[in-house]
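Number of protein chains: 6
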Amino acid sequence: MTRELVEYENASEAARAVYEDIMRTRGADDVNNFWKALAHDPASLARTWEAVKTVMAPGALDPLTKQLVYIAVSITNGCEYCMVSHGAAARADGMDEAMFAELVSVVALANQTNRQAVAYGVPVDEAFRDG
Amino acid sequence: MTRELVEYENASEAARAVYEDIMRTRGADDVNNFWKALAHDPASLARTWEAVKTVMAPGALDPLTKQLVYIAVSITNGCEYCMVSHGAAARADGMDEAMFAELVSVVALANQTNRQAVAYGVPVDEAFRDG
Amino acid sequence: MTRELVEYENASEAARAVYEDIMRTRGADDVNNFWKALAHDPASLARTWEAVKTVMAPGALDPLTKQLVYIAVSITNGCEYCMVSHGAAARADGMDEAMFAELVSVVALANQTNRQAVAYGVPVDEAFRDG
Amino acid sequence: MTRELVEYENASEAARAVYEDIMRTRGADDVNNFWKALAHDPASLARTWEAVKTVMAPGALDPLTKQLVYIAVSITNGCEYCMVSHGAAARADGMDEAMFAELVSVVALANQTNRQAVAYGVPVDEAFRDG
Amino acid sequence: MTRELVEYENASEAARAVYEDIMRTRGADDVNNFWKALAHDPASLARTWEAVKTVMAPGALDPLTKQLVYIAVSITNGCEYCMVSHGAAARADGMDEAMFAELVSVVALANQTNRQAVAYGVPVDEAFRDG
Amino acid sequence: MTRELVEYENASEAARAVYEDIMRTRGADDVNNFWKALAHDPASLARTWEAVKTVMAPGALDPLTKQLVYIAVSITNGCEYCMVSHGAAARADGMDEAMFAELVSVVALANQTNRQAVAYGVPVDEAFRDG
């Protein structure tokens, strides 16, 4: 369907309100293409932004750890847009090359061992059931 | 194929050497079922353990962050064994219920937004190409 | 391997027969690139077309519902070609922007909650076992 | 982590409010295990329920179509809980055996052709780019 | 939906004809559960069996190689039924423990390196484009 | 992060040693882009090359069979780089168009039937449990 991005000046009032909250929260003067694509459906735009704002905020886990987890999932699912946009966010939060390289190594290792565990049908250890 | 787990007393000499290094490194008196399943192929057992020992060790990322990333991939791939065994490791490294809940929320969010980015064919922002 | 598309004039007799059935069934004067790629293997071309023709035809589910389901799977698997080609088919069958936006929201939601159910290891409710 | 389900009597006030809205909306006197698992994290419980309530409601697509799409994604991701619980919801909305069988055939076909399109690197048709 | 397996004596005439062809082709006196599950939809049963019979037959690739490829996909998708049933078929065709162990190692390696290639956004080499 | 490829002249000593072993082993005068991307992390480069060299070598399975399995996984995961680079390796080992076409058919079939087995929740046959 329409892949055009919705720029602020063409956005509905509901979408503009979300754009403004994104820009205010992030201290930026524009929003990323992801939001401009979602703006065709302002209700989904608002719901998704609300979830991102809440879930990625500091909490029991710090924001950088959350970005690393987000990138790990995006690599596994093969979503280039998500890898690149959250890669930028992670860099802004302090991820350097060495951290990214280790992140990729853990993601690669998990994808490897996940398949080995499945292939051998490894039963869960009793010790893990107790906890 | 054979799903029997290889206990230490039935393991080949090569496999026993790996078991011993696992137990020494982890200060444990047994190895998890994953290793007992891989022991049918001692070369693969040795290579996989070497990778796990190296990749999951402290480095630019701390061990708990690595466990969280590992769990995130395992949830996305639907590997119950890996989720449960690394969940135990993460708890030993300090993951509490609140941290686990936030981890699941980030994983769920990324799986959601990955599909939205794909469905709308969102082009990567110029700003992300620069960095 | 060869990625060249097989145009009608270069197609084998067996492939041409399939092309003609596709064009007749769809009232079109050409076939999509997908079929031109499969035509290197006429037996696979014929088998795949037979399956598409049968499975996507009106039945207990109407054709538009089937296209929506097809697109949902293609988004989840990240297949751009399939999303775009069946997106065009769905539009021809009546999908408008509002329907597409809701489709994406359901796909995104399912990808989110699928991972939550896995992460928490939710047991199937007794009530669902009865039915 | 804790896999115990949170029953109403043990739920926090915030979780109880969500349980009540679920029961009221669905005309049921209990909530499914999925919600009892999420209740360890009331904020996530509330956010997820709000999304499910909004996204699965009648709109441009009818509720049964949405359930079918949801099941299609859950089959592709291999989430048994989601398949079974939304299968029950779809039956309540009118899905019969013939419809389920056709749904599975479309999901199977899409998973097949998604891989064929990827394997042959099929370029998107010019005609699909126009729309 | 109904998960009951359809035994020969309860199968429709159309389903019985497929069961008979499966038993004749395989020299067996019963069919696997997979076919008994599909028999609720005789058209799908017939179409799927026709595809399996054709695709898995000796051709440019020998039957064992095809079984190994089939198992590799099933491990990657986490389908236990498919892994186990085609594991039995592969053993009947000559797969021994050493071959299975190497198969798992290749599958695990590919799952690892697939994610590394995606994470680093590796561009396809010019040399591979020529061929 | 940095997507620049590391050419030999800019590589660290540790990375150069790996490049040299790759070129020697393969009788080539350059290494593929995959290795040039991994070279930002020489330890990961060395570990990954060691695994590829060992796992893809002749053993209980011949090298061509291993390449076919590797390609099958890469198609299923949607990794274009891996499909194309190992496609070239498989051709060098003797894969012709007819073999590739059959490989794709098996991969497509497995992706189809994997989902059917999951959708119908097919229980593993007793006979397969015995072996």
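Residue numbers (our numbering), protein chains in the order written: chain X, 0 to 130; chain D, 0 to 130; chain P, 0 to 130; chain H, 0 to 130; chain U, 0 to 130; chain E, 0 to 130.
The beta-carbon is built from N, C-alpha and C at its ideal position, and this holds for glycine as well.
Just so you know, these numbers come straight off a predicted model, no measurement behind them.
| request: Taking only the alpha-carbon atoms, compute the straight-line gap between A88(P) and R46(H) and give it to the nearest angstrom. | output: Position 89 of the third sequence, counted from the start, is the residue given in the question as residue 88(P). Position 47 of the fourth sequence, counted from the start, is the residue given in the question as residue 46(H). So the alpha carbons of these two residues sit roughly 34 Å apart.
| field | Contact check, Q111(H) vs A50(P), beta carbons under 9 Å | value | Residue 111(H) sits at position 112 when you count from the first residue of the fourth sequence. Residue 50(P) sits at position 51 when you count from the first residue of the third sequence. Taking 9 Å as the Cβ cut-off, Q111(H) and A50(P) qualify as a contacting pair.
| query | Where does C78(P) fall in DSSP's three states? | reply | Here residue 78(P) corresponds to residue number 79 of the third sequence, with the count starting at 1. Of the three classes helix, strand and coil, the one that applies to C78(P) here is coil, per DSSP.
| request: List the residues of chain H whose Cβ lies closer than 7 Å to the Cβ of Q115(E), in chain order. | output: Here residue 115(E) refers to the residue found at position 116 when the sixth sequence is read from its first residue. Simply V103 and A107.
| By how many angstroms is the C-alpha of C78(U) removed from the C-alpha of N32(H)? | Reading the fourth sequence from its first residue, position 33 is the one you call residue 32(H). Reading the fifth sequence from its first residue, position 79 is the one you call residue 78(U). Answer to the nearest angstrom: the Cα atoms are 24 Å apart.
| message | Can you check which of these residues, P41(E), V54(E), G120(E) and E3(E), is closest to L108(U) by C-alpha distance? | response | As a first step, residue 108(U) must be located in the fifth sequence, where it is residue number 109. Among P41(E), V54(E), G120(E) and E3(E), the Cα nearest to that of L108(U) is on V54(E).
| query | Leaving out the 5 sequence neighbours to the left and right, which residues in its chain are closer than 6 Å to R90(X) when beta-carbon positions are compared? | reply | On the first sequence, position 91 is the one that residue 90(X) refers to. Here the set comprises nothing.
| task | Under 8 Å between beta-carbons, which chain H residues line up against V68(P)? List them in chain order, please. | result | Numbered from 1 along the third sequence, position 69 holds the residue referred to as residue 68(P). Here the neighbours are L67, V68, A71, L102, V105, V106 and A109.
| request: Report yes or no: do three or more beta-carbon pairs, one from the stretch 91-98 of chain D and one from the stretch 2-14 of chain X, lie closer than 8 Å? | output: no
| request: Taking the CB atoms as reference points, tell me whether V68(P) and L102(H) lie closer together than 9 Å. | output: Position 69 of the third sequence, counted from the first residue, corresponds to residue 68(P). Position 103 of the fourth sequence, counted from the first residue, corresponds to residue 102(H). Yes, these two residues count as a Cβ contact at 9 Å.
| request: Please list, in chain order, all residues of the same chain as L63(X) whose beta carbon is under 7 Å from its beta carbon, the five residues on each side excluded. | output: The sequence position of residue 63(X) within the first sequence is 64, counting from 1. Within the same chain, L63(X) has close Cβ partners A89, D92, G93 and M94.
| request: Rounded to whole angstroms, what's the CA-CA distance from S104(H) to D29(E)? Just pull it up for me. | output: In the fourth sequence, residue 104(H) corresponds to position 105, counting from 1. In the sixth sequence, residue 29(E) corresponds to position 30, counting from 1. About 47 Å.
| Proximity to K52(U) [Cα-Cα], best of R25(U), K35(U), A38(U) and A42(U) | As a working note, residue 52(U) is residue 53 in the fifth sequence. Closest by alpha carbon: R25(U).
| said: Among N9(P), A38(P), V72(P) and C81(P), whose alpha-carbon lies nearest the alpha-carbon of V123(H)? | reply: Position 124 of the fourth sequence holds residue 123(H). Minimum Cα distance to V123(H) is reached at C81(P).
| Residue range of the alpha helix (DSSP H) that includes V105(H) | Here the question's residue 105(H) lines up with position 106 in the fourth sequence. From DSSP, the alpha helix (DSSP H) with V105(H) extends over E96 to A118.
| When burial is assigned at 16 or more other CB atoms within 10 Å of the CB, is M0(D) buried or exposed? | Stepping through the second sequence from its first residue, residue 0(D) is reached at position 1. With a pLDDT of 47 at M0(D), under the threshold of 50, the predicted position of this residue should be treated as unreliable, and no value is reported.
| request: Classify P57(U) as buried or exposed, calling it buried when 16 or more other Cβ atoms lie within 10 Å of its own Cβ. | output: Residue numbering aside, residue 57(U) sits at position 58 when the fifth sequence is read from its first letter. Exposed.
| query | Could you give the distance in angstroms between the alpha-carbon of M22(P) and the alpha-carbon of A42(P)? | reply | Reading the third sequence from its first residue, position 23 is the one you call residue 22(P). Reading the third sequence from its first residue, position 43 is the one you call residue 42(P). One C-alpha to the other measures close to 18 Å.
| query | In whole angstroms, what separates the C-alpha of G86(H) from that of D61(E)? | reply | Mapped onto the fourth sequence, residue 86(H) falls at position 87. Mapped onto the sixth sequence, residue 61(E) falls at position 62. The straight-line gap from Cα to Cα measures roughly 45 Å.
| query | Got a sec? Which residues, its chain only, sit under 7 Å from A10(D) by beta carbon, not counting five neighbours each side? | reply | Along the second sequence, one-based indexing puts residue 10(D) at 11. Closer than 7 Å at Cβ, skipping near neighbours: Y18 and A38.
| Outcome for A126(D) when other beta-carbon atoms lying within 10 angstroms are tallied against a minimum of 16 | For the purposes of this step, residue 126(D) is taken as residue 127 along the second sequence, with counting starting at 1. By the neighbour-count rule (16 or more Cβ atoms within 10 Å), A126(D) is not buried but exposed.
| message | Beta carbons nearer than 8 Å to chain X: which residues of the stretch 73-86 of chain P have them? | response | G77 and G86
| said: So the candidates are A27(P), A36(P) and D20(P); which of them puts its Cα closest to the Cα of A100(E)? | reply: Sequence index remark: in the sixth sequence, residue 100(E) carries index 101 (1-based). Out of A27(P), A36(P) and D20(P), A36(P) has the C-alpha closest to the C-alpha of A100(E).
| task | Decide if T75(D) is buried, meaning its Cβ has at least 16 other Cβ atoms within 10 Å, or exposed. | result | Position 76 of the second sequence holds residue 75(D). With 16 or more Cβ atoms within 10 Å of its Cβ, T75(D) is classed as buried.
| said: Determine, for G26(H), whether the minimum Cβ-Cβ distance to residues of chain C falls below 9 Å. | reply: Here the protein chains are X, D, P, H, U and E, and chain C is not one of them.
| request: Give the straight-line distance between the Cα atoms of V106(E) and A59(E), rounded to the nearest whole angstrom. | output: Position 107 of the sixth sequence, counted from the first residue, corresponds to residue 106(E). Position 60 of the sixth sequence, counted from the first residue, corresponds to residue 59(E). The alpha-carbon atoms of V106(E) and A59(E) are separated by roughly 22 Å.
| Which residues in the same chain have their Cβ closer than 7 Å to the Cβ of K70(H), if we skip the five residues on either side of it in sequence? | By 1-based counting over the fourth sequence, the position of residue 70(H) is 71. According to the sequence displayed, residue 70(H) carries Ile and not Lys. If we look at I70(H) and ignore the five residues flanking it on each side, its Cβ neighbours are M82, H85, G86, A89 and L102.
| message | Buried or exposed for R114(H), going by 16 or more other Cβ atoms inside 10 Å? | response | Within the fourth sequence, numbered from 1, the residue matching residue 114(H) stands at position 115. Looking at its Cβ environment, which holds 16 or more other Cβ atoms inside 10 Å, R114(H) is buried.
| query | According to a CB-to-CB cut-off of less than 7 Å, which residues of the stretch 27-55 of chain X neighbour chain P? | reply | H39, D40 and S43
| request: Spell out whether any CB of chain H is found under 9 Å from the CB atom of G120(E). | output: Locating residue 120(E) in the sixth sequence gives position 121, counting from the first residue. Output row for G120(E): interface = yes.
| task | Give the straight-line distance between the Cα atoms of L4(P) and R128(U), rounded to the nearest whole angstrom. | result | The sequence position of residue 4(P) within the third sequence is 5, counting from 1. The sequence position of residue 128(U) within the fifth sequence is 129, counting from 1. For L4(P) and R128(U), the distance between alpha carbons rounds to 16 Å.
| query | At least one CB of chain E closer than 9 Å to the CB of V17(U): is that the case? | reply | Against the fifth sequence, residue 17(U) aligns to sequence position 18. V17(U) does not count as touching chain E.
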